[in-house]
Amino acid sequence: MNATTHLGLINVFIGDIQGGLGPFLGTWLAETGSWSPARIGFVTTLVGVGTLFLSGPFGALVDRLGRPRLLICAACAAILAGTLLLLPARAFATVFAAQFIAAAGGTLLLPAVTALTLGIVGKDRFPQQQGRNQAYNHVGILIAAGLISVGTPSLGPAVAFWVLGVMAVLAIVATATTPGHCYNERRAVGWKEDDPDDHPARAGTRSVLSNRKLMVLALALALFNLGNGGMLTLLGQKLVATADDATSWTARYVMVAQLVMIPVALFAGSLADKRGRRKLLLVAIAVLPVRAALSGFIDDPLWLISAEILDGVASGIVGVAVPVVVADLTWGSGRTQTALGTVNAVQGIGGALSAWYGGLAQSFLGWTGAFLALGAPALVALALVIWLDTTTEPGRRSRRREARAALQAA
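Sequential numbering from 80 applies to the sequence shown in my numbering.
Here it is as structure tokens:
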């Protein structure tokens, strides 16, 4: 079994576990501990904010240690431990501690898997492999959701713990059995592979934080997530008020979005080189206001599926394009994962505020106005990406011009 097959298996198994119990946490606490929605929301928010502060340092740890397989195993073990600790937990402090351990593991996974991918396939093949990684990731989420939905009637809500636990163990096995010789640390950071005696100095953390292009990208993504993060949650609340069986429809929307993300991720990986990273980001961000308008003006649950198809398009592209663009902007600095962690922390702020922003807009503007308000930040994000020349990799036409110029010069 070659190393890229192992990458595929790792991404299938971590697809569901990155967020810990995720949406099943609230159901579990409400059914077994009689927790109120406010209490569940409070602990979830605290954990989310806390892990934002870990994102940058964890990226720096991946860069410094240079052992992504070890860190992936450690992250999966933390997710497994934190999730199992939730089984007997009922008090606020123990639930918070257990969920924080699991969420910290999920935060470490992204830079570690990105580093492993770069160290195996290299920079030139990274866009296509990142597309495959994301496609496998969404397949894993669908498999886990299917197993939980099938197992819950007979095994109860605790089945979510066992599905997550098995996938965490399988992710550790897939990572530990990945051929070690296929990973090259110098290849992962953009240093010359044929000169192991050359040890370039890593860029300082301050240089990453002062990179204007990187920070503009992070701000654009934060604005995108401010609109995108809470849109499905708000749509579910709208369905409670306007339609029957809101929970089933919400579950269908999640499945539809994940199914769309699989082919979109694969195409985005191949198009990143052919059409350019910035064009992909423009498409992903431009989709959000359209999705917001559909969600605001359509009441029929069946027709609202069109909005969640657009969610799959946008999220599928962003998952592929962002690590590729960050690698473009930081290649050779030895700080690619530090930068990726920092970008994830900044964009996570937008996601953390999205549900509150959407709920506040609904109380003042009603359902239609709330969705339009969620779409508005994407317009600013779109302007930022239009201004930002994010990619150091030229598009197909630019490469052709450069090739012709080189031939003429010769």
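Even glycine gets a Cβ: it sits at the ideal position worked out from N, Cα and C.
- Separation of the CB atoms of residue 247 and residue 96 is rounded to 5 angstroms, and the pair is thereby assigned contact status at 8 angstroms.
- Residue 150 and residue 191 have their C-alpha atoms roughly 6 angstroms apart.
- For residue 407, the enclosing alpha helix (DSSP H) covers residues 384-409.
- Excluding residues up to 5 positions away in sequence, 159, 162, 163 lie with their Cβ nearer than 8 angstroms to the Cβ of residue 244 in the same chain.
- The straight-line gap separating the alpha-carbon atoms of residue 199 and residue 237 is approximately 37 angstroms.
- Classified as exposed, residue 203 has fewer than 16 neighbouring CB atoms from the shown chains inside 10 Å of its CB.
- Leaving aside the five residues that flank residue 121 on each side, none in its chain has a CB nearer than 8 angstroms to its CB.
- Within the same chain, 303, 306, 307, 393, 454, 457 come within 7 angstroms of residue 367 by CB-CB distance, once the 5 residues on both sides are set aside.
- Note on geometry: alpha-carbon atoms of residue 287 and residue 414 lie some 7 angstroms from one another.
- When the beta-carbon positions are compared, residue 374 and residue 386 come within less than 8 angstroms of each other.
- Across the set 131, 154, 212, the C-alpha of 212 shows the shortest separation from the C-alpha of residue 82.
- If you ignore the 5 residues before and after residue 107, its C-beta comes within less than 6 angstroms of the C-beta of 236, all in its own chain and listed in chain order.
- In the same chain as residue 186, and ignoring 5 residues on each side of it, the C-beta atoms closer than 7 angstroms to its own belong to 130, 133, 134, 137, in chain order.
- Residue 293 places its beta carbon less than 8 angstroms from that of residue 418.
- In chain order, 339 place their CB closer than 6 angstroms to the CB of residue 388, counting only its own chain and leaving out the 5 sequence neighbours on each side.
- Rounded to the nearest angstrom, the Cβ distance from residue 437 to residue 309 is 4 angstroms, consistent with a contact under 8 angstroms.
- Non-local C-beta neighbours of residue 402 in its own chain, meaning closer than 7 angstroms and more than five positions away in sequence, comprise 193, 209, 419, ordered along the chain.
- Counting the other CB atoms within 10 Å of its CB gives residue 424 a total of 16 or more, which places it among the buried residues.
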